[in-house]
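Residue numbering for the sequence shown follows numbering that gives the first Met the number 0, starting at 0 and increasing by one per position.
Yeah, the Cβ is synthetic: ideal placement off N, Cα and C, and Gly gets one too.
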Amino acid sequence: MTVVETDRIEMADISSEQALDDMFEALEPVPEGLKVEIVEGTVYMSPQRDTHWEIIRRIVRALEDEFGMGVKALSDVRIDFPGRLNGFAPDVALLSTDATKDDSAHWRHEDVEFVAEVISKGTAANDYGPKKAAYAAAEVPAYLIVDPYVRRSLLYTQPKDGDYATETKIPFGDEIDLTGTVVGLVLDTSEFPRD
Numbered sequence: 000m001t002v003v004e005t006d007r008i009e010m011a012d013i014s015s016e017q018a019l020d021d022m023f024e025a026l027e028p029v030p031e032g033l034k035v036e037i038v039e040g041t042v043y044m045s046p047q048r049d050t051h052w053e054i055i056r057r058i059v060r061a062l063e064d065e066f067g068m069g070v071k072a073l074s075d076v077r078i079d080f081p082g083r084l085n086g087f088a089p090d091v092a093l094l095s096t097d098a099t100k101d102d103s104a105h106w107r108h109e110d111v112e113f114v115a116e117v118i119s120k121g122t123a124a125n126d127y128g129p130k131k132a133a134y135a136a137a138e139v140p141a142y143l144i145v146d147p148y149v150r151r152s153l154l155y156t157q158p159k160d161g162d163y164a165t166e167t168k169i170p171f172g173d174e175i176d177l178t179g180t181v182v183g184l185v186l187d188t189s190e191f192p193r194d
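The structure is reproduced here in structure tokens:
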């Protein structure tokens, strides 16, 4: 019993970033084909499906077509977000052109301009709930949820006071107009696969 209490005290004394680093390190090595994220202190491991990857690839390709191959578009790369123990690996994260890593060699959430998450059944609640809240708290200007199960996307913009002021529903087949955001492009969903 004393050991548990000591562990709790030691855990409280270290920073959230250090706690996340320790948690991710304890998970190494991650089996190939699995994505690992920590959402509000809970570890999630999920395999990537073909449908999932195809949508991610199409979004990244659209960003590369618009901004060139040097665009800072990341997929499944850890970025720590506001809140308790949030080490996310967004399906797609667009960083500002002048983005830099912090002293711990992590990308900074302050440099994220756009996030796209493709829904997986096992972790959908995270994308619609705590991750949306964390992206809004981090003031990510545009957050896109792509849901191949309901064949619809939700675009959230105008982060304010820990939430998004605007929600736009876009059915698959329609274009996602990001021209009014920092992304500045139109994303074609007609070829998005469905589950």
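Beta-carbon spacing of L84, G40 below 9 angstroms: Reading the sequence shown from its first residue, position 85 is the one you call residue 84. Reading the sequence shown from its first residue, position 41 is the one you call residue 40. Against a cut-off of 9 angstroms, the Cβ pair of G40 and L84 comes out as a contact.
Same chain only: Cβ atoms within 6 angstroms of V181, ignoring 5 sequence neighbours per side: Indexing the sequence shown from 1 puts residue 181 at position 182. The residues are E112 and P140.
Residues bridged to K34 [DSSP beta-bridge criterion]: Your numbering for residue 34 matches position 35 in the sequence shown. S45.
Three-state class that DSSP yields for D194 in the structure shown: Residue mapping note: residue 194 aligns to position 195 of the sequence shown, counting from 1. If DSSP states are grouped into helix, strand and coil, D194 belongs with coil.
Cβ contact (3+ pairs, closer than 8 angstroms) linking the segment 95 to 103 and the segment 119 to 130: no
Residue environment, G86, which counts as buried when at least 16 other CB atoms sit within 10 Å: In the sequence shown, counting from the first residue as 1, residue 86 sits at position 87. It is buried - the Cβ of G86 has at least 16 other Cβ atoms within 10 Å.
Identity of the residue in V185, H51, E174 and L26 nearest G121 by Cα: Residue mapping note: residue 121 aligns to position 122 of the sequence shown, counting from 1. The candidate whose alpha carbon is nearest that of G121 is H51.
Distance, D146 Cα to E166 Cα: Numbered from its first residue, the sequence shown carries residue 166 at position 167. Numbered from its first residue, the sequence shown carries residue 146 at position 147. Approximately 15 angstroms, taken between the alpha carbons.
Start and end residues, alpha helix (DSSP H) containing Y127: In the sequence shown, counting from the first residue as 1, residue 127 sits at position 128. Segment A123 to Y127, the alpha helix (DSSP H) holding Y127.
DSSP state of S95 mapped onto helix, strand, coil: Residue numbering aside, residue 95 sits at position 96 when the sequence shown is read from its first letter. In the structure shown, S95 sits in coil (DSSP, three-state: anything other than H, G, I, E or B).
Buried/exposed call for L33, threshold 16 Cβ in 10 Å: To locate residue 33, count along the sequence shown from 1; it is residue 34. When all chains shown are included, L33 counts as exposed.
Assigned exposure category for A61 - 16 Cβ within 10 Å defines buried: Here residue 61 refers to the residue found at position 62 of the sequence shown. Classification of A61: buried, given that the 10 Å Cβ count is 16 or more.
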